[in-house]
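Residue numbers (the numbering used here): 68 to 844.
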Amino acid sequence: MTEIIAFDEATWSTATWPLGTHPHADGVTFAVFAPAATRIQLEVYPEALGATASHTFLLARCEDGVWRGKLQGLQLGALIGFRAWGPNWPWDEAWTPGSDAGFIADLDEHGNRFNPNKVLFDPYAREITHNVYTDELQRFGVNDGVFGTGGELIDVVPRRLIDTAPYAPKGVVITAEENPVTPKPKLPAEEAIIYEASIEQLTGHPSVARLADILSGEPGFEQVVDIPAEFQGTYKGAGMLAPYLKAMGVTTVELLPVHETNVSESGRDSATNSWGYMTLAFFAPNRRYAADKSWGGPTREFRAMVSAFHDAGLEVYLDVVYNHTAEGGNWNGDVNTTGFTSLGGFATAEYYQMTGEKILVDGATGTSNQLNYSSEAAQQLVLDSLRYWSREMHVDGFRFDLATVLGRRPQDAAPDDWGNQKRFFTDHPLLVAIAELAEEDHLEVIAEAWDLWGYEVGNFPRGWGEWNGRYRDAVRNFTKGAGNVGEFVDMFNGDYHHFHDNGGAQKTVNFIVAHDGFNLADLVSYQTKINDQPYPFGPSDGGSDNNLSWDSGGDHTLRRQRLRNLWTVLMFSRGVPMLVAGDEFGRTQNGNNNPWALHSVAMRNNYAMIATNAPQRTPVADAVTASYHDNLGEFANDAPNVNGLFRFATFLMRMRHRHSCLQQSEWGDFTANNHDVSYLFYNPSGDGRPVEGDRALGVYIDSPEENFWVMINMSGESVDFHVPEEFRTSEWRYVLDTAAWAELVNNYWPDDEGAVVHDHNSVHPWSIAVWHRKRNA
């Protein structure tokens with residue numbers, strides 16, 4: 068080991084620079100939070116794997132529980148690790164890496180797990196070299212088991228004594244200021260159409276190499292470019308897709324987690340994680356998604372991607388996972404055994420919830436651990452991470468996975484009664500602080516407002532948006548004929564009761580499908596999930612058994628019709644619509660409703676489906692023998708190179724942008740002829756309100772400039788609709804009809820090109836028709 072150089076504690080005890088690693092002209096500062104530690108050692112490594120430290124320094128303990136120091140002469144790209152000692156394992160001069168000198172126990176009385184044999188990376192590291200599932204460990208004859216503590220013998224050596232210096236992820240010293248980023252568009256939230264996708268799903272399919280040719284027949288897509296093989300499935304490739312998203316009508320791309328996660332490069336069994344919901348580092352972009360994997364490359368490439376989206380006027384939201392980490396929990400239930408590589412090795416008691424027996428809580432998340440947001444340190448970690456991604460990486464918003472965990476207060480419950488604790492979401496300091504940061508930085512923050520312990524949609528502090536699971540369930544039920552008209556009306560009108568006092572209708576994020584669960588085409592094609600099928604469409608575990616799906620009786624035509632129904636309901640509902648990548652052209656997962664671990668070309672957007680009227684007959688990819696299930700058949704548009712669903716979905720998104728009455732943050736009155744936009748609900752006769760059990764209803768969208776009359780028939784018989792007498796005019800025009808008879812024209816008519824209609828219309832079974840009129844026309 069090299070000579071240890073210590074920073075003078077008296078000099079640094081009152082230092083105030085922030086947590087993390089920060090390069091400056093006069094050196095690099097380091098600061099890690101470990102209030103119960105008795106010694107923190109910083110180490111510089113010449114290589115990410117297979118090497119021991121080349122230089123070693125001792126940090127100084129400051130009054131705030133942070134250990135700090137400054138190094139001069141350290142270059143960008145330097146690799147950094149730490150070792151930590153504490154009450155359960157105090158410093159002993161006889162200690163060397165891999166020894167038990169000083170060892171007392173695997174944890175202290177508060178549950179902290181200090182072990183100097185386990186090299187840690189800075190929780191605030193802007194990049195890390197690799198993750199603990201990397202296949203590269205196999206070169207050294209080990210696997211991620213080396214990171215474990217406890218007394219289990221591995222090759223006659225207790226786990227706690229395995230020195231992880233050659234194997235542990237290291238932090239990389241970088242700066243995020245090397246390339247400028249185009250300023251944020253700062254779009255009004257009510258104008259958003261959110262497109263949810265993973266980086267890999269967006270451009271990981273080989274069809275993107277001929278994207279311009281595929282879309283050459285689609286009006287408005289002239290700026291689309293081909294994406295070369297070297298950029299497929301990368302941040303660079305995603306940025307190149309911006310013209311496609313812009314032309315389609317999307318305003319916002321919401322990326323599944325891009326924080327560094329645990330995953331095997333080869334996708335080997337038990338080490339796969341395609342979606343990325345196991346965050347290992349809250350400041351580091353996932354290196355796997357970068358074409359440039361050099362030190363600093365993922366950060367530069369991510370910022371360039373954000374610029375590309377901003378240049379197109381699009382926003383970037385990140386799906387973030389702050390409820391748990393990839394550090395895992397107690398191995399085999401043994402309180403002594405964990406696999407910490409960062410947070411838990413510095414301050415377990417500050418960052419993680421534990422039972423009275425100091426077992427990590429695996430409750431609301433179901434993912435082996437749960438972060439402790441009664442701790443100010445954990446709260447600061449989240450806020451600092453959000454500020455970094457907002458101010459240095461310039462993203463525009465965040466969607467919080469299992470966001471209710473951020474509002475849990477474990478001190479309000481008995482240690483053995485985690486499932487019945489009190490809930491104080493509206494005034495939780497972290498949730499309030501996030502809302503304040505959102506207002507300050509012009510961010511959108513969106514909660515997945517539920518976890519395994521409870522459902523809290525509508526209960527978050529003012530300023531938060533929320534995924535509206537009530538909307539999803541009500542729409543799924545009504546559009547398969549359940550007659551739940553009261554729920555459906557409430558959701559179509561923006562869930563007024565839960566969101567009217569939370570900043571506006573734009574705070575309800577309306578979705579029918581999301582990444583977890585059936586996608587849209589599968590929702591209308593399967594009764595139950597099919598997750599146990601062979602690769603590339605399976606196998607996968609988990610997934611809900613209660614999908615509220617219907618296979619449409621196996622009828623291809625009805626399935627296509629029902630897809631158009633769902634698109635129409637989503638785009639005409641009050642609130643912000645969110646769609647899932649590929650739903651615009653009929654992507655299928657062959658009934659798999661939880662492919663979280665599948666690194667599979669079959670799960671990525673196959674844009675070749677756009678240039679055909681039989682999209683699910685498109686080959687999966689060259690050299691792939693498996694096929695998509697053909698659940699949709701052929702669109703009857705008399706154009707074999709046109710996907711009727713893609714044309715229809717694109718029309719709807721563009722139309723929503725053209726009509727301000729469909730982009731409202733406020734609710735109008737429940738009476739006609741006011742100066743706001745009102746959604747008025749009628750029975751098909753137009754002379755009364757719908758009643759529970761009705762499967763058909765009309766929606767009159769009343770605004771000062773224009774009106775829409777939406778006729779929804781979710782029954783198996785044709786229904787006659789009459790415009791309410793006070794709204795009758797000769798100037799109504801047809802806009803769209805989802806029924807199969809209109810497939811020849813892709814089920815829509817551009818503005819002012821639809822037939823003039825009057826006060827009466829027969830709407831086909833399982834379909835929706837929409838009329839439009841300009842006021843005073």
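Beta carbons are placed, not taken as given, at the ideal position from N, Cα and C, and that holds for glycine.
Query, Result
"Backbone secondary structure at isoleucine 768 - three-state DSSP", "strand"
"Same chain, Cβ closer than 7 Å to tyrosine 801, five either side skipped, listed in chain order", "Trp816, Gly821, Ala822, Val824 and Trp838"
"Run of the beta strand (DSSP E) containing tryptophan 134, from where it starts to where it stops", "133 to 138"
"For methionine 558, three-class secondary structure by DSSP", "helix"
"Arginine 684 - DSSP class collapsed to helix/strand/coil", "helix"
"Candidates Glu219, Pro164 and Gly94: closest to tryptophan 45 by CA position", "In the structure displayed, the chain extends from 68 to 844; residue 45 sits before or after that span and is not available."
"Span of the alpha helix (DSSP H), counted from its first residue to its last, around alanine 279", "278 to 281"
"Rounded distance between the beta-carbons of alanine 264 and alanine 648, thought under 8 Å", "3 Å"
"Expected contact under 8 Å - CB spacing of glycine 474 and leucine 510 to nearest Å", "Glycine 474 to leucine 510, Cβ: 18 Å. No contact."
"Given serine 640 as reference, the closest of Gln594, His726 and Ser592 once Cα atoms are compared", "His726"
"Cβ-based burial, serine 361 [other Cβ within 10 Å; buried from 16]", "exposed"
"Option in Pro682, Arg626 and Ser611 with minimal Cα separation from lysine 596", "Ser611"
"Contained beta strand (DSSP E) runs [length at least 3] in the stretch 331 to 411, N- to C-terminal order", "346 to 352 and 382 to 387"
"Among Val512, Arg529 and Glu533, the one whose alpha carbon lies nearest that of tyrosine 522", "Glu533"
"Asparagine 439 classed as buried or exposed, judged by whether at least 16 other C-beta atoms fall within 10 angstroms", "buried"
"Run of the alpha helix (DSSP H) containing phenylalanine 124, from where it starts to where it stops", "Counting along the chain, phenylalanine 124 falls outside any alpha helix (DSSP H), though it belongs to the beta strand (DSSP E) covering 122 to 125."
"Three-pair Cβ contact test at 8 Å for the stretch 127 to 145 versus the stretch 169 to 180", "no"
"Check: tryptophan 158 C-beta below 6 Å from any heavy atom of the ligand FAD", "For the structure depicted, the ligand FAD is absent and the ligand set is empty, with no information on it obtainable."
"Pair within 7 Å by beta-carbon distance, glycine 94 and glutamine 142", "no"
"is_contact[asparagine 397, chain C] using C-beta, thresh 7 Å", "Among the chains in the structure shown there is no chain C, since it carries only a single protein chain."
"Pair within 7 Å by beta-carbon distance, asparagine 551 and asparagine 544", "yes"
"Candidates Val291, Ile107 and Gly306, of which the one nearest methionine 850 by Cα", "This structure leaves residue 850 out entirely; the chain is present only between 68 and 844."
"Under the three-state DSSP convention, the category asparagine 828 falls into", "strand"
"Residue range of the alpha helix (DSSP H) that includes tryptophan 456", "443 to 458"
"DSSP bridge partner residues for arginine 106 (one or two, in chain order)", "Trp152"
"Inter-residue spacing [alpha-carbon to alpha-carbon] between tyrosine 307 and methionine 372", "The question names tyrosine, but residue 307 in the sequence shown is methionine. Distance between the alpha carbons of methionine 307 and methionine 372 is about 8 Å."
"Inter-residue Cα distance where the pair is serine 829 and serine 797", "17 Å"
"Where threonine 595 sits in the DSSP three-state scheme", "coil"
"Tyrosine 749 to methionine 781 span [Cα, whole Å]", "15 Å"
"Glycine 553 versus glutamate 759: straight-line alpha-carbon distance, rounded", "6 Å"
"Contained beta strand (DSSP E) runs [length at least 3] in the stretch 228 to 279, N- to C-terminal order", "261 to 264"
"Boundaries (first-last residue) of the beta strand (DSSP E) holding valine 786", "786 to 789"
"Where leucine 519 sits in the DSSP three-state scheme", "coil"
"Pairwise C-alpha distance: tyrosine 767 and arginine 795", "11 Å"
"Residue(s) in a DSSP beta bridge with tryptophan 838", "Trp776 and Tyr801"
"Helix, strand or coil at glycine 94 [DSSP, three-state]", "strand"
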